[in-house]
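Protein sequences, first through last, are from chains A and B. First residue of the first sequence? That's 57 in the numbering used here, and the numbers climb one at a time after it. First residue of the second sequence? That's 57 in the numbering used here, and the numbers climb one at a time after it. Using N, Cα and C, we set each Cβ at its ideal position, and we do this for glycine too. Some notes on the structure that comes next.
Protein chains: 2
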Amino acid sequence: MTTADQQRSTLIEVPADAAAGRAAQAPQLRLDTTSVAAGFGRALRPTGKRLPEHARHHNRALVLQTLYTAGARSRADVARETGLTRVTVSDLVADLIGEGLVVELGQRESARPGKPATLIDIARDAFQIIGVDLSDASVFRGAVLDLEGAVLERAEVQVAGATGEEAIALVIALVERLASVASAPLLGVGVGSPGVVDDSGVVRRAPNLGWTDLDLRARIRAAAGVPVHVANDANAAVLAEHATRDGDDDVILVKVGRGVGAGLIVGGRPLIGGAYAAGEIGHVVVGTDGGPACACGKHGCLEAWLAEPRLSAELAAATAVAGDDSRAAARDTILREAGRRLGIVLAPVVGALNLAEVVLSGPAELLDGPLREAAVETLRNRTMADVNRDLRIRMTTHGQDIVLRGAAVMVLSGQLGVS
Amino acid sequence: MTTADQQRSTLIEVPADAAAGRAAQAPQLRLDTTSVAAGFGRALRPTGKRLPEHARHHNRALVLQTLYTAGARSRADVARETGLTRVTVSDLVADLIGEGLVVELGQRESARPGKPATLIDIARDAFQIIGVDLSDASVFRGAVLDLEGAVLERAEVQVAGATGEEAIALVIALVERLASVASAPLLGVGVGSPGVVDDSGVVRRAPNLGWTDLDLRARIRAAAGVPVHVANDANAAVLAEHATRDGDDDVILVKVGRGVGAGLIVGGRPLIGGAYAAGEIGHVVVGTDGGPACACGKHGCLEAWLAEPRLSAELAAATAVAGDDSRAAARDTILREAGRRLGIVLAPVVGALNLAEVVLSGPAELLDGPLREAAVETLRNRTMADVNRDLRIRMTTHGQDIVLRGAAVMVLSGQLGVS
DNA sequence: CATGTTTGTTAGTAAACCTTACGAACAAAC
DNA sequence: GTTTGTTCGTAAGGTTTACTAACAAACATG
């Protein structure tokens with residue numbers, strides 16, 4: 057039996073005598089031969105054909121990923137870590153060196169026996185990435201980042217109420233300015249935009265910017281001449297969080313700003329949503345006891361409890377009247393209540409998705425205190441104790457840069473990544 | 057430029073002059089070269105190597121899927137539909153015929169010009185599947201199904217409070233009884249079990265059956281001698297629902313019985329959960345106004361509102377006292393309130409995952425009336441109107457068989473499917 | 001200095017899919 | 001009845017991919 061035959065027979069394991077000696081037996085069963093009209097048509101998911109060259113592409117990315125994550129090492133090291141042979145790795149690396157993505161660093165000075173290894177690594181300085189954050193109402197922020205995610209240059213433009221084509225022009229100008237200060241060829245441009253963005257980079261709708269079915273990716277691509285990736289701001293943000301953390305492949309990031317949105321990573325994959333609107337939790341009603349009126353017309357939306365303008369205004373009103381002591385207490389009460397509301401909304405999501413980590417992004421002075429503590433507490437009290445024992449809620453480690461760094465992650469994984 | 061070179065250059069698009077003429081310009085930017093310590097280590101997801109033979113396996117499954125879904129057709133038809141060449145399809149089909157998975161049906165009687173086609177199809181009667189449903193507290197149900205999902209034979213055993221090894225013995229006996237009445241070789245055995253089941257078929261914990269870290273897959277495998285797939289009951293159930301519906305790749309199925317659980321399909325993939333506990337929404341607290349005490353110690357858990365014993369008891373109590381008219385009214389009130397509670401819990405999940413379809417499984421006389429109507433209503437009122445306009449809540453079309461049919465889907469897609 | 005180890009490359013092989021070409025079988029038109 | 005064009009399935013040969021086997025180079029160690 058050849059190797060290939062073995063592989064096939066493990067796929068369909070059917071004992072040779074499986075059908076033997078059946079009819080004779082008369083089991084004491086309640087038999088019912090009614091057959092439900094059926095057909096599990098979608099059980100075997102439809103997918104395109106796959107060619108050997110796809111395997112090559114995959115392995116190429118695997119080599120890149122190994123070098124990126126683990127740093128400079130020899131071809132033989134990469135072979136051991138990937139499971140590919142030295143021959144194959146050498147071949148792939150030759151391609152990558154030809155493309156300028158990988159460089160030889162010279163020999164390893166070693167105290168080891170054997171021929172000294174030639175170290176190779178991703179050409180970490182050979183390419184740069186532009187990340188753009190359109191989520192702030194007043195300013196579009198952008199940066200040039202290196203492949204490690206470090207911010208090299210920044211730029212920003214005031215939005216000043218611009219919408220529609222005006223806003224697009226601002227974005228393109230920002231990208232062009234950043235491109236002009238990049239000190240290496242660009243791997244691509246990543247954009248985190250508010251609103252609903254589909255998987256081809258079209259902004260389906262972004263009310264605040266007056267965009268409807270805007271092919272932002274194509275527009276920027278035409279201006280910049282490099283690959284462009286566009287996603288919702290919160291979805292981009294969670295990518296940054298996930299890319300820089302070991303461990304969890306299930307994360308929700310809640311982004312609090314003018315509105316409230318979320319981005320999710322589930323099973324290590326970004327969650328898009330059937331209508332590209334995954335993470336839209338800002339207008340979910342919290343609790344069964346009413347709540348503040350929301351711009352959307354409902355009462356008690358999460359956004360009405362938690363959005364930054366609303367929260368700041370409430371804090372200002374409450375702390376304007378009383379003395380120092382009760383001022384602090386009032387602040388604490390308001391923040392704790394907001395946190396509790398967040399916990400109430402997240403509880404079903406955390407339970408249904410079995411999440412282990414909730415990350416908050418937004419003004420730390422509001423989020424990272426009583427609010428966060430009340431949210432954890434509420435979440436623990438409202439979900440199954442034993443499953444969610446090690447649930448964490450923490451602030452992002454990326455601060456204000458989270459969206460543009462997430463945008464950079466999109467470019468990195470889109471251009472170099474394993475698909 | 058060769059074809060391969062073109063392919064690579066589209067992956068990494070870098071304009072040749074991208075780095076030219078940069079240093080001279082002095083843009084009016086607020087520059088800040090502080091670099092955040094970084095490294096997007098997990099941006100490029102780690103994966104194993106991939107060989108050409110994986111492509112072959114994929115294409116083999118693609119052919120099977122085409123035949124399964126679209127029915128008998130010629131090799132040339134399959135080639136056109138898959139994008140593979142006639143030569144490759146012929147080669148794959150030869151393998152599949154050799155394995156007994158595909159059969160030739162003779163020539164198509166055609167009014168078309170050209171050589172008449174030889175029809176081929178999945179050998180729909182050549183294999184059968186055993187599906188087992190352990191979710192009911194009082195009885196383990198099982199069935200022999202054909203590849204289309206039609207139930208051919210049924211069997212069941214009374215649980216009678218059996219737990220631990222006793223319960224395992226019942227399951228194995230059930231499987232063996234079913235295997236003995238199968239009229240074709242078995243493709244495999246699928247099991248939907250209550251509790252938390254990991255991706256290798258180990259029941260991590262199923263309190264009601266007294267199972268902890270039980271390798272149910274191995275145990276059944278040893279007894280039956282064919283491939284075995286085990287999953288949580290609700291997760292299995294949602295597979296059945298998804299497999300038989302065109303359209304939505306984002307579904308949540310809520311299963312109401314002794315407890316309340318859910319199974320989710322997100323982006324066409326089953327959701328497992330980091331701790332294999334996805335869908336565990338039974339003990340999420342609903343609303344902010346208390347609620348009935350739950351066995352878990354909390355108050356107002358979804359299960360305390362919605363579980364079948366609880367709901368039936370409440371209905372019995374309410375309808376025992378009053379006259380006919382107020383009896384119906386009381387029933388309506390109780391069911392509507394339960395539905396409202398379901399809607400309250402589902403709203404954040406529907407919003408966060410951008411789901412378009414909620415499916416209910418359980419006693420239709422309870423679920424499919426005022427309860428369901430109140431749930432839709434609540435869900436619509438508590439989520440973003442424009443996104444969730446076409447949200448549907450409906451009963452499963454599989455009735456009581458949903459778990460064992462879902463278990464059969466696991467086998468079908470596991471043994472024949474595209475991975 | 002001999003021996004063993006490690007690296008990276010060369011050469012040859014097997015698997016997978018492709019393109020090209022061809023015979024067989026049919027319908028339609030003449 | 002013959003010709004023409006179409007379609008099907010297969011055969012032959014080529015390309016890509018990654019593998020195994022073998023080897024030279026370069027080093028450490030005893």
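Chain-ordered chain A contacts of residue i [CB-CB under 9 Å]
i	result
lysine 105/B	Ala111, His114, Asn115, Leu118, Thr138, Gly139, Leu140 and Thr144
proline 169/B	Going along chain A, no residue has its Cβ under 9 Å from proline 169/B, so there is no contact; the nearest lies around 28 Å.
Bridge partners - residue i, DSSP secondary structure assignment
i	result
cysteine 352/A	According to DSSP, cysteine 352/A bridges with nothing at all.
lysine 311/B	Gly317/B and Ser417/B
histidine 285/A	Gly246/A
alanine 199/A	Gly187/A and Arg210/A
valine 341/A	Cys357/A
leucine 476/A	The requested residue 476/A does not occur in the structure, where chain A is confined to residues 57 to 475.
methionine 451/B	Leu416/B
arginine 383/B	Paired residues: none, contrary to the question.
valine 322/B	Arg325/B
Neighbouring residues, chain B, relative to residue i (Cβ below 8 Å)
i	result
alanine 275/A	Alanine is not the amino acid found at residue 275/A; the sequence shown has arginine there. Here the premise fails: no neighbours, minimum Cβ distance about 17 Å.
glutamate 336/A	Gly407, Ala408, Asn410, Met440 and Val443
valine 465/A	Phe96 and Ala99
serine 166/A	Chain B residues near serine 166/A: none, gap ~25 Å exceeds 8 Å.
aspartate 306/A	Gly329 and Gly330
Where residue i meets chain B, residues with beta-carbon distance less than 7 Å
i	result
threonine 52/A	Here chain A covers residues 57 to 475 and nothing more, so residue 52/A does not appear.
alanine 403/A	Val340 and Val341
Environment of residue i [buried if 16+ CB atoms lie within 10 Å]
i	result
aspartate 289/A	buried
proline 172/A	exposed
glutamine 214/A	exposed
glutamine 184/A	buried
glutamine 121/B	buried
aspartate 269/B	exposed
glycine 462/A	buried
proline 71/B	Legend: pLDDT at proline 71/B = 31, less than 50; position of this residue unreliable, value from coordinates given subsequently. Proline 71/B comes out exposed.
alanine 80/B	In this predicted model, alanine 80/B has a pLDDT of only 29, less than 50, meaning its place in the structure is not dependable enough to derive any value.
serine 91/A	Only weak support is given to the placement of serine 91/A: the predicted model assigns it a pLDDT of 29, under 50, and the question is left unresolved by the model.
arginine 450/A	exposed
glutamate 160/A	exposed
valine 415/A	buried
arginine 78/B	Note on arginine 78/B: pLDDT 32, under 50, position unreliable in the model; the coordinate value appears next. Exposed is the call here.
glycine 395/A	buried
valine 143/A	exposed
serine 368/A	exposed
arginine 445/A	exposed
Candidates the options, of which the one nearest residue i by Cα
i	options	result
glycine 407/B	Leu472/A, Tyr332/A and Gly470/A	Tyr332/A
serine 239/B	Ala274/B, Gly470/B, Ile186/B and Gly319/B	Ile186/B
valine 286/B	Ala99/B, Val467/B, Gly315/B and Gly473/B	Val467/B
glycine 347/B	Thr344/A, Gly156/A and Pro348/A	Thr344/A
glutamate 232/B	Thr219/B, Ala278/B and Leu203/B	Ala278/B
valine 245/A	Val342/A, Val188/A and Ala150/A	Val188/A
aspartate 457/A	Phe196/A, Thr375/A and Ala369/A	Phe196/A
asparagine 410/B	Leu416/B, Ala360/B and Val322/B	Val322/B
arginine 448/B	Glu336/B, Ala430/B, Arg112/B and Leu362/B	Ala430/B
valine 341/B	Leu435/A, Ala384/A and Val310/A	Leu435/A
arginine 314/A	Asp147/A, Glu359/A and Gly353/A	Glu359/A
aspartate 202/B	Ala193/B, Asp181/B, Leu460/B and Ala363/B	Asp181/B
glycine 335/A	Lys354/A, His355/A and Ile308/A	Ile308/A
serine 191/A	Leu398/A, Gly257/A, Asp302/A and Ala293/A	Ala293/A
glutamate 413/B	Arg428/B, Ala420/B, Ala464/B and Pro419/B	Arg428/B
Proximal residues of chain A, C-beta to C-beta of residue i below 8 Å
i	result
valine 322/B	Val322 and Leu327
Cross-chain neighbours of residue i in chain A, by beta carbon under 7 Å
i	result
serine 469/B	Ala99 and Leu100
Interface partners of residue i on chain B, CB under 9 Å
i	result
leucine 38/A	A question about residue 38/A goes unanswered here, because the residues of chain A that appear run from 57 up to 475.
Problem - alpha helix (DSSP H) runs wholly inside the segment 211-264 of chain A, at least 4 long, in chain order - result: 220-237
Problem - Complete beta strand (DSSP E) runs within the segment 115-186 of chain A (minimum length 3 residues, chain order) - result: 158-163 and 174-178
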